[in-house]
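Heads up: the structure comes next, in structure tokens.
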């Protein structure tokens with residue numbers, strides 16, 4: 392999908408957030424933001440893909456600041472909070488093991504979306520996390536292709552699960568364990584630091600590699616860019632019978648390609664441009680099957 | 392006061408809002424926003440004054456779009472909604488005429504702040520207006536120099552009241568009638584269209600000129616810029632014993648000057664940079680006396 396005019400606001404907000412992670416000095420912040428405005432102007436336009444525009448801007452910011460991983464602190468914090476949280480709901484999770492397959496799958500998808508929605512940023516509190524998680528689990532999936540997914544899981548053999556953020560991947564881990572009951576599963580994380588996206592470091596930290604084979608995209612692109620991806624990632628992308636892509640960045644970018652297999656998108660529609668693209672409301676929880684031939 | 396690094400987000404948001412008033416065509420919106428990013432980069436920096444930075448950006452947008460008054464529709468709508476609203480509370484307003492002077496003054500100041508906070512934008516509903524007005528009237532003034540103001544009203548003879556937005560000026564009108572009980576009052580509006588700020592057209596539409604003498608600043612500057620103001624405005628500024636300035640734009644800009652008389656600022660602290668500047672919380676209602684010699 393392409394950006395909308397108002398995406399200018401969101402990308403500037405992201406830059407300000409990132410810059411505040413890079414330096415606490417206002418003078419430095421002003422310089423970095425001012426310089427990055429030129430970069431935004433270069434990549435902003437009706438043909439820009441949100442995730443790829445974000446990639447260019449965050450890469451630029453990493454380059455001019457000399458900070459190769461501005462979100463490291465927030466990612467560490469997200470991982471730790473997610474570990475604590477998942478530990479606290481471990482008991483209630485167990486009861487889902489005795490539910491029918493479809494109900495179990497749907498619950499774990501919603502849990503994975505909850506991981507996508509929780510704001511592990513510096514201002515979030517445990518109260519917020521509890522409330523937001525509860526809200527997400529209580530709401531229905533607005534687009535719910537879980538029946539189709541269950542059918543496909545039974546029919547096919549191999550899944551590539553494309554991860555999104557740090558912290559969130561611990562919620563994905565629970566869904567990945569469920570998917571493994573049906574198929575061979577490979578998960579991918581980013582090949583280099585970009586935004587708060589999970590990298591191999593995060594995957595290892597939360598033990599994702601203990602559950603499934605983990606590969607990287609081979610690049611620091613938000614979402615997926617097949618032209619920049621590593622051979623290893625492309626091999627898994629080709630071998631998979633089903634692609635499951637997590638979060639808006641993967642949705643925004645993968646919808647740019649023709650893909651000769653079913654793609655399932657799991658995310659919370661966090662902004663109007665994405666929500667309008669699939670005709671839902673902001674805040675809706677989505678499990679969308681797309682055939683993109 | 393000067394801008395903070397995060398003011399970049401707000402100015403881009405304002406540009407997107409303005410551009411959506413100028414054209415419904417996305418292609419045009421993209422072009423205008425992209426072009427205005429260069430203008431923002433030019434005026435953005437640690438020495439920028441928020442209201443004056445906004446002035447440069449909105450002037451640029453008016454110039455490149457050929458639309459001299461992008462907010463005309465919203466201003467008309469704000470005026471009409473304000474007229475309707477004030478009519479609906481006319482009866483309950485009357486009972487304040489029998490309250491003690493300080494209580495009456497404080498209530499009318501809070502009503503004027505309510506006018507400053509109500510979002511007459513395209514998405515507001517009557518429910519929102521009712522709720523927000525009620526909230527503002529129920530809250531105390533976080534900084535409350537109403538006693539000082541009452542004393543000054545008794546001691547001095549002449550007030551210059553610097554207005555802010557269209558619609559809002561109808562709420563100011565009620566306060567102006569109260570101030571007239573003590574002093575001679577002149578009100579100022581903008582000399583040309585900028586943002587949703589009230590101009591002479593708005594002042595006449597809501598009958599502000601029936602209550603007090605209305606002058607214009609002689610320019611389309613957000614807030615006040617004495618270097619660009621008309622002789623007429625400067626004469627009233629000099630003659631006045633007390634300045635009362637409404638809204639954040641006037642606060643942001645007038646605090647840049649030494650002024651040889653008391654200045655009272657009436658506004659809602661709508662954003663963190665302004666709130667932090669006077670050590671209050673976002674959302675607080677303010678009546679602040681400042682001696683800026």
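Residue numbers (the numbering used here), protein chains in the order written: chain W, 392 to 684; chain Z, 392 to 684. Virtual Cβ for every residue (Gly too), placed ideally from N, Cα, C.
Check, Outcome
"For residue 432 of chain W, decide whether its Cβ has a neighbour in chain Z, counting only Cβ atoms nearer than 7 Å.", "yes"
"Taking the runs of the alpha helix (DSSP H) that are 4 residues or longer, which of them lie wholly in the region 444-485 of chain W?", "463-479 and 481-485"
"Report the rounded CA-to-CA distance for residue 558 of chain W versus residue 606 of chain Z, giving the unit in angstroms.", "58 Å"
"What distance in whole Å lies between the Cβ atoms of residue 586 of chain Z and residue 613 of chain Z, which are believed to be in contact at a cut-off of 8 Å?", "6 Å"
"Among Z/610, Z/667 and Z/681, which residue has its Cα nearest to the Cα of residue 635 of chain Z?", "Z/681"
"Might you give, ordered along the chain, the residues of its own chain that have their beta carbon closer than 8 Å to the beta carbon of residue 505 of chain Z, omitting 5 neighbours on each side?", "523, 524, 527, 528 and 562"
"Who are the near neighbours of residue 407 of chain Z in its chain, counting only those whose CB is closer than 7 Å to its CB and skipping five residues on each side?", "424"
"Could you spell out the range, first to last residue, of the alpha helix (DSSP H) harbouring residue 412 of chain W?", "398-413"
"When you compare the CB of residue 584 of chain W with every CB in chain Z, is at least one pair closer than 7 Å?", "no"
"Output, in sequence order along the chain, the residues in the region 412-432 of chain Z whose CB is closer than 7 Å to any CB in chain W.", "417, 418, 420, 421, 424, 425, 428, 429, 431 and 432"
"Under a CB-based cut-off of 7 Å, is residue 448 of chain W close to chain Z?", "no"
"Spell out whether any CB of chain Z is found under 7 Å from the CB atom of residue 397 of chain W.", "yes"
"Nearest CA to the CA of residue 456 of chain W: which residue from W/678, W/445, W/412 and W/433?", "W/412"
"Nearest by alpha-carbon distance to residue 395 of chain Z: which of Z/545, Z/440, Z/630 and Z/479 is it?", "Z/440"
"Reducing DSSP to helix, strand and coil, say where residue 616 of chain W ends up.", "coil"
"May I ask you to report which of helix, strand or coil DSSP gives residue 655 of chain Z?", "strand"
"Just the Cα atoms here: how many angstroms apart are residue 676 of chain Z and residue 469 of chain W?", "36 Å"
"Return the chain-ordered list of same chain residues with a C-beta closer than 7 Å to the C-beta of residue 554 of chain W, the five sequence neighbours on each side being excluded.", "560, 563, 578, 579, 580, 589 and 637"
"Over what stretch of residues does the alpha helix (DSSP H) that includes residue 500 of chain Z continue unbroken?", "492-508"
"Can you check whether the C-beta of residue 558 of chain Z is within less than 7 Å of a C-beta belonging to chain W?", "no"
"Please tell me whether residue 653 of chain W and residue 519 of chain W are closer than 7 Å, where the distance is taken between their beta carbons.", "no"
"State yes or no: is the C-beta of residue 491 of chain W nearer than 6 Å to some heavy atom of the ligand GTP?", "Absence of the ligand GTP from the depicted structure is noted, as is the absence of any ligand whatsoever, leaving it without description."
"Hey, how far is the Cα of residue 621 of chain W from the Cα of residue 392 of chain Z?", "50 Å"
"Within the same chain, show all residues whose beta-carbon is closer than 8 Å to that of residue 609 of chain Z, passing over the 5 residues directly before and after it, in chain order.", "582, 619, 620, 621, 622, 623 and 624"
"Under three-state DSSP, which class holds residue 442 of chain Z?", "helix"
"Out of W/421, W/629 and W/463, which has the shortest C-alpha to C-alpha gap to residue 438 of chain Z?", "W/421"
"Roughly how many whole angstroms lie between the Cα atoms of residue 513 of chain Z and residue 463 of chain Z?", "Interpretation of residue 513 of chain Z is limited by its pLDDT of 44, a score under 50 that renders its predicted location unreliable; the figure taken from the coordinates is listed afterwards. If I take the Cα positions, the gap works out to 12 Å."
"Could you check whether the Cβ of residue 451 of chain Z sits closer than 7 Å to any Cβ belonging to chain W?", "no"
"Which one or two residues does DSSP pair with residue 552 of chain W in a beta bridge?", "W/578 and W/635"
"Please confirm whether residue 534 of chain W and residue 679 of chain W have their CB atoms less than 7 Å apart.", "yes"
"What does residue 407 of chain Z reach in chain W if we use C-beta pairs closer than 7 Å?", "396, 397, 399 and 400"
"Comparing C-alpha positions only, which one of Z/669, Z/428, Z/480 and Z/556 sits nearest to residue 467 of chain Z?", "Z/556"
"Looking at the secondary structure, which residues open and close the alpha helix (DSSP H) in which residue 432 of chain W lies?", "417-434"
"When the Cα of residue 446 of chain W is compared with those of W/595, W/584 and W/601, which residue comes out closest?", "W/584"
"Who are the neighbours of residue 437 of chain Z on chain W, taking C-beta pairs under 7 Å?", "417, 418 and 421"
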